[in-house]
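For reference, each letter of the sequence shown is one residue, going -32 to -1, 1 to 33 in mature numbering (1 follows the signal peptide of the UniProt record, and there is no 0).
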Amino acid sequence: RRWSWGKFAATIRDFWIRILVWLDTFNTVEEAAKVYDSAAIQLRGSGATTNFFHPQLQPPRRETF
């Protein structure tokens, strides 16, 4: 979310303990999104919904012959 003074805030909701976690404010939306992604992966693991593609979250491919 963008604040009136131009910075972008990053927050994430922790559903297990029912709180909103303040991550920080950033100069760009991309910075805020990257920090959100990192927090989402830490909180929710490989099932996290992220803003950017993260190859480590993809299931391994099976070889077919």
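Don't be surprised by glycine CBs; every beta carbon is placed ideally from N, CA and C.
What is the DSSP secondary structure of residue i, reduced to helix, strand or coil?
{"i": "ILE(-21)", "result": "strand"}
{"i": "ARG(-15)", "result": "coil"}
{"i": "ALA7", "result": "helix"}
{"i": "ALA(-1)", "result": "helix"}
To which residues does DSSP link residue i through a beta bridge?
{"i": "residue 76", "result": "What the structure shows of the chain is the stretch from -32 to 33, and residue 76 is not part of that stretch, so it cannot be assessed."}
{"i": "ASP(-9)", "result": "ALA(-23)"}
Assign residue i to buried or exposed, taking buried as 16 or more other Cβ atoms, counted over all protein chains shown, within 10 Å of its Cβ.
{"i": "ASP5", "result": "buried"}
{"i": "ILE(-16)", "result": "exposed"}
{"i": "ILE(-21)", "result": "buried"}
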